[in-house]
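Visitor:
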Amino acid sequence: MTAVRLRPEQPSDVPAIRRLLAAAFAHSDNRVPAEVRLVDALRVDDAWIPELSIVAEVGGEILGYALLSRVRVDPAGFPALCLGPVAVRPDRQRAGYGSDVVQAALSAATELGERLVVLLGSPAYYRRFGFFPAARLGLTSPWSGLGDPWQALLLPASAGDAAAPSTAAGTAGSPAGAAGPPAEDAPVPPSGEVTFPGPWSLV
Ligand SMILES: CC(C)(COP(=O)(O)OP(=O)(O)OC[C@H]1O[C@@H](n2cnc3c(N)ncnc32)[C@H](O)[C@@H]1OP(=O)(O)O)[C@@H](O)C(=O)NCCC(=O)NCCS
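For the sequence shown, our numbering assigns the number 47 to the initial residue and increments by one for each residue that follows.
1. Ignore the nearest five residues each way along the sequence and tell me which others in P79's own chain have a CB closer than 7 angstroms to its CB.
2. For the region 136-146 against the region 178-187, are there 3 or more C-beta pairs whose distance is under 8 angstroms?
3. Kindly indicate the opening and closing residues of the alpha helix (DSSP H) around I63.
4. Short of 6 angstroms in beta carbon distance, which residues of its chain neighbour E239, apart from the five on each side in sequence? Order them along the chain.
5. Hey, could you find the ends of the beta strand (DSSP E) T241 is sitting in?
6. Ligand 2 and F71: does the residue's C-beta get closer than 7 angstroms to at least one heavy atom of that ligand?
7. At a threshold of 7 angstroms, does R140 count as lining ligand 1 (C-beta to nearest heavy atom)?
8. Apart from the five residues just before and just after P243, which ones in its own chain have a Cβ nearer than 8 angstroms to its Cβ?
9. DSSP three-state label for E277, please.
10. When every heavy atom of ligand 1 is checked, does at least one fall within less than 7 angstroms of the C-beta of P256?
11. Check this for me: beta carbons of V163 and A112, under 8 angstroms apart or not?
12. Going by DSSP, what residue range makes up the beta strand (DSSP E) through R173?
13. If we require 3 or more residues per run, which beta strand (DSSP E) segments fall completely within the region 57-138?
14. Taking only three categories from DSSP, how would you classify R53?
15. Using only alpha-carbon positions, find the residue among A133, E97 and L52 that is nearest to G105.
16. Would you call S247 buried or exposed, if buried means 16 or more other Cβ atoms sit within 10 Å of its Cβ?
17. Go ahead and label Q56 buried or exposed: buried means 16 or more other beta carbons lie within 10 angstroms of its beta carbon, across all protein chains shown.
18. Compute the distance between the beta-carbons of F124 and P202, then report whether it is under 8 angstroms.
19. So what's W196 in DSSP terms, helix, strand or just coil?
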């Protein structure tokens with residue numbers, strides 16, 4: 047089996063990422079999926095973090111993609127990340143590329159000292175990475191009404207974060223996809239409303 051290379055996107059990857067998103071989220075009426083427009087809009091927004099737009103490249107082809115971009119928990123203004131979209135080329139799904147690219151994105155976020163990731167998605171899929179219902183952290187969003195698909199993950203403190211402020215243990219999640227132990231000594235994010243930047247109004 048050809049090795050998978052997990053890496054941040056490069057400018058030359060943009061057309062292939064668009065094609066991948068268009069295929070993974072395709073509509074029967076051929077309309078451009080909102081996820082294509084969302085990623086294009088986030089790429090030129092302050093929410094974009096270049097290191098956290100991750101591709102899975104196999105044999106020179108981009109087969110998987112995962113994006114973490116900036117959101118915040120208000121009123122505290124606590125910085126968090128939203129995971130999504132996540133996509134694997136339809137003819138290569140269920141071969142582990144989705145898991146690979148999500149775990150690579152979460153590990154990169156941990157390395158950057160990030161603490162909290164939220165998403166809207168299938169609990170059956172995302173619980174394998176340690177996500178749990180965001181309501182357990184008192185986190186709300188326009189998606190709260192959908193219940194358990196509104197999810198959160200606490201990232202562990204990275205090695206470079208030894209001086210980070212210590213608070214009560216964050217035990218609600220076990221971030222299987224991120225490097226290091228659970229977030230025992232990481233600050234617990236405040237409860238509140240997660241605010242999404244403008245591009246998210248496209249979805
Ligand atoms: C969802 C997606 C990213 C998963 O990537 P993948 O490479 O196919 O998945 P993996 O090989 O890493 O994992 C396979 C497992 O995920 C499960 N899975 C795949 N898609 C799923 C879904 N939509 N809901 C629940 N579980 C799903 C499979 O049943 C399998 O479970 P198992 O390990 O218990 O057998 C991919 O199927 C995809 O691009 N789907 C279309 C776009 C989409 O819906 N993206 C998610 C938006 S939040």
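No residue lacks a Cβ here, since even glycine has one placed at the ideal position from N, Cα and C. All of these numbers come straight from a predicted model, not from anything done at the bench.
Guide: Inspection of the coordinates gives the following:
1. The answer, listed in chain order, is L67, A68, F71, A72 and H73.
2. No, the region 136-146 does not touch the region 178-187.
3. Looking at the DSSP string, the run of the alpha helix (DSSP H) that includes I63 is V60 to A70.
4. Cβ within range, chain order: D120 and T186.
5. T241 -> beta strand (DSSP E) spans G238 to T241.
6. Only ligand 1 can be found as ligands here, which leaves ligand 2 out of the picture.
7. Because some heavy atom of ligand 1 lies under 7 angstroms away, the Cβ of R140 counts as near it: yes.
8. Excluding sequence neighbours, P243 sits near L88, D91, D92, A93, S115, R116 and V117.
9. This structure does not reach residue 277, given that the chain is present from 47 up to 249, and the question cannot be answered.
10. Beyond the ends of the chain as shown, which are 47 and 249, falls residue 256; an answer cannot be given.
11. 8 angstroms or more divides the Cβ of V163 from the Cβ of A112.
12. First-last for R173: undefined, no H or E at that position.
13. Correct list: 99-104, 107-120 and 124-134.
14. Of the three classes helix, strand and coil, the one that applies to R53 here is strand, per DSSP.
15. When each option's Cα is compared against that of G105, the closest is L52.
16. In summary, S247 is exposed, with fewer than 16 beta-carbon neighbours lying within 10 Å of its beta-carbon over all protein chains present.
17. Per the 10 Å Cβ criterion, exposed.
18. No. Outside cutoff.
19. DSSP places W196 in strand when its eight states are reduced to three.
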